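Student: Got a structure here, written out as structure tokens. Questions coming.
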Amino acid sequence: MARARTRLAADERAVARAIGWVERFCNHHQLSRAVTDVVCLSLEEAVSNIVEHGYERQPGRLSIELHYDRRALSVVIEDGGKPFDPTQAVTPHADGTLASHREGGFGLLLIKGVMDDVTYQRAGTINRLTLVKHL
Amino acid sequence: MKIETRSVYDVLVVDMSGRLDSMSSGDAGDRIVEIARGEHKRVLLNLEKLDYVSSAGLRVILRGAKLLQGNRGELKICNANGLVRNVLETSGFNSLIKVYDTEKEAFSAFVA
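Protein chains in written order, with the numbering used here: chain X, 71 to 205; chain D, 128 to 239.
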């Protein structure tokens, strides 16, 4: 069992720093490229949402915790932004016409699509999003 | 992220390589808009060497496709592999923009 935690400023560089940190963790533990990519993808989508919608581009903090064992890699992301439950958010299905389709909404579909388990908790003033990828 | 173009008859093939994510989507978006507003009405994105795409990247492609459609053109995609193919399918993006396994199949579809 391995565990790591980092805290980041929720600014425009948060996604790059979060992905770099997770890549190093995955490389160190020799996780496959496929697993590393889907975890980076989910993290990119979740952290972008926190910066853009949770804090509305105002100063804030977020933390990321990774738990890894032979069965799964779990990512726990916490922030103090506006309450937001991505598991309940309505994601527009891209089954309409190109002209009418808005350009947002893909991120949550991707998180739910590539991870095996996605859960949300509101703990006091904290949003806690837990993403699990079975190995 | 690298974007290169080549003309094949009246189709502009856009070879994208590397990672199309939040960090690269600004510059890539400018280039795709420039291409979509250019002289070619038929644009084919060849994603064979694209390793990674996130929702920020999908928005770039969608913007280009909409611009082309508004200008009576069309954008198609081919040769997506691995994670990129997974993302196109998971997001339902492949129901908005036609995705082909090979360049040859995409060219035939433009001609049809």
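Just so it is clear, CB atoms sit at the ideal spot from N, CA and C, and this is done for glycine as well. Note that the structure is predicted; figures quoted are calculated from it, not measured.
Starting from the beta carbon of Leu185 of chain D, find every residue of chain X whose beta carbon is closer than 7 Å, and list them in chain order.
Tutor: To locate residue 185 of chain D, count along the second sequence from 1; it is residue 58. Neighbours of Leu185 of chain D on chain X, chain order: Phe176.
Student: Going straight from the alpha carbon of Ala79 of chain X to that of Gly124 of chain X, what length do you get?
Tutor: Taking the first sequence and counting its residues from 1, the one referred to as residue 79 of chain X is at position 9. Taking the first sequence and counting its residues from 1, the one referred to as residue 124 of chain X is at position 54. Cα to Cα, Ala79 of chain X sits roughly 13 Å from Gly124 of chain X.
Student: Anything in the region 128 to 151 of chain D with a Cβ closer than 7 Å to a Cβ of chain X? List those residues in chain order, please.
Tutor: Of all residues in the region 128 to 151 of chain D, Asp148, Ser149, Met150 have a Cβ within less than 7 Å of some Cβ in chain X.
Student: With 16 as the cutoff for other CB atoms within 10 Å, does Pro129 of chain X come out buried or exposed?
Tutor: Position 59 of the first sequence, counted from the start, is the residue given in the question as residue 129 of chain X. Exposed, because fewer than 16 other Cβ atoms sit within 10 Å of the Cβ of Pro129 of chain X.
Student: Between which residues of its own chain and Arg198 of chain X is the CB-CB distance below 6 Å, once the five residues before and five after are set aside?
Tutor: As a position in the first sequence, residue 198 of chain X is number 128, starting the count at 1. So the list reads Glu148, Gln191, once near-sequence residues are dropped.
Student: Can you tell me whether DSSP reads Ile159 of chain D as helix, strand or coil?
Tutor: The residue you call residue 159 of chain D lines up with position 32 of the second sequence. Helix, per DSSP.
Student: For Ser144 of chain X, name the three-state secondary structure that DSSP assigns.
Tutor: Translated into positions along the first sequence, residue 144 of chain X becomes position 74. Here Ser144 of chain X sits in strand by DSSP.
Student: Under 8 Å, with one C-beta from each stretch per pair, do the region 162 to 180 of chain D and the region 140 to 156 of chain X reach the 3-pair mark?
Tutor: Result no; under three Cβ-Cβ pairs closer than 8 Å.
Student: Comparing the C-beta of Ala86 of chain X with each C-beta of chain D, is any distance below 8 Å?
Tutor: Here the question's residue 86 of chain X lines up with position 16 in the first sequence. Closer than 8 Å: yes.
Student: Could you check which residue in D:Asp137, D:Asn208, D:Leu172, D:Leu210 has the C-alpha nearest to that of Ala192 of chain D?
Tutor: Counting from one through the second sequence, the residue named residue 192 of chain D turns up at place 65. For Ala192 of chain D, the nearest C-alpha among the options comes from D:Leu172.
Student: Between Val170 of chain D and chain X, is any beta-carbon pair separated by less than 8 Å?
Tutor: To locate residue 170 of chain D, count along the second sequence from 1; it is residue 43. Not one chain X Cβ lies under 8 Å of Val170 of chain D.
Student: If Leu132 of chain X and Ile120 of chain X are in contact, beta carbons under 8 Å, what's the gap, nearest whole angstrom?
Tutor: Your numbering for residue 132 of chain X matches position 62 in the first sequence. Your numbering for residue 120 of chain X matches position 50 in the first sequence. At roughly 5 Å, the Cβ-Cβ gap stays under 8 Å, so Leu132 of chain X and Ile120 of chain X are in contact.
Student: For Met143 of chain D, list the residues DSSP reports as bridge partners.
Tutor: Indexing the second sequence from 1 puts residue 143 of chain D at position 16. Paired residue(s): D:Ile130.
Student: Do you know how far the Cα of Thr229 of chain D is from the Cα of Asp154 of chain D?
Tutor: Taking the first residue of the second sequence as 1, we reach residue 154 of chain D at position 27. Taking the first residue of the second sequence as 1, we reach residue 229 of chain D at position 102. Looking at the two C-alpha atoms, the distance is approximately 27 Å.
Student: Given a cut-off of 8 Å on the beta-carbon distance, is the pair Ser118 of chain X and Val85 of chain X in contact?
Tutor: What you label residue 118 of chain X is simply residue 48 of the first sequence in a count that begins at 1. What you label residue 85 of chain X is simply residue 15 of the first sequence in a count that begins at 1. Yes. Within cutoff.
Student: Do Ala207 of chain D and Val226 of chain D come within 8 Å of each other at the CB atom, strictly closer than that value?
Tutor: Taking the second sequence and counting its residues from 1, the one referred to as residue 226 of chain D is at position 99. Taking the second sequence and counting its residues from 1, the one referred to as residue 207 of chain D is at position 80. Yes, they are a contact pair.
Student: For Val160 of chain D, go through chain X and note every residue whose CB falls closer than 8 Å to its CB, in chain order.
Tutor: Reading the second sequence from its first residue, position 33 is the one you call residue 160 of chain D. The contacting residues do not exist; Val160 of chain D stays about 13 Å from chain X at best.
Student: Relative to the C-alpha of Thr217 of chain D, which candidate in X:Glu114, X:Lys182, X:Gly150 has its C-alpha closest?
Tutor: Here residue 217 of chain D refers to the residue found at position 90 when the second sequence is read from its first residue. Thr217 of chain D has its Cα closest to that of X:Lys182, out of X:Glu114, X:Lys182, X:Gly150.
Student: Give me the DSSP bridge partner(s) of Cys205 of chain D.
Tutor: Walking along the second sequence from the start, residue 205 of chain D turns up at place 78. According to DSSP, which records beta bridges pairwise, Cys205 of chain D is partnered with D:Asn173, D:Tyr227.
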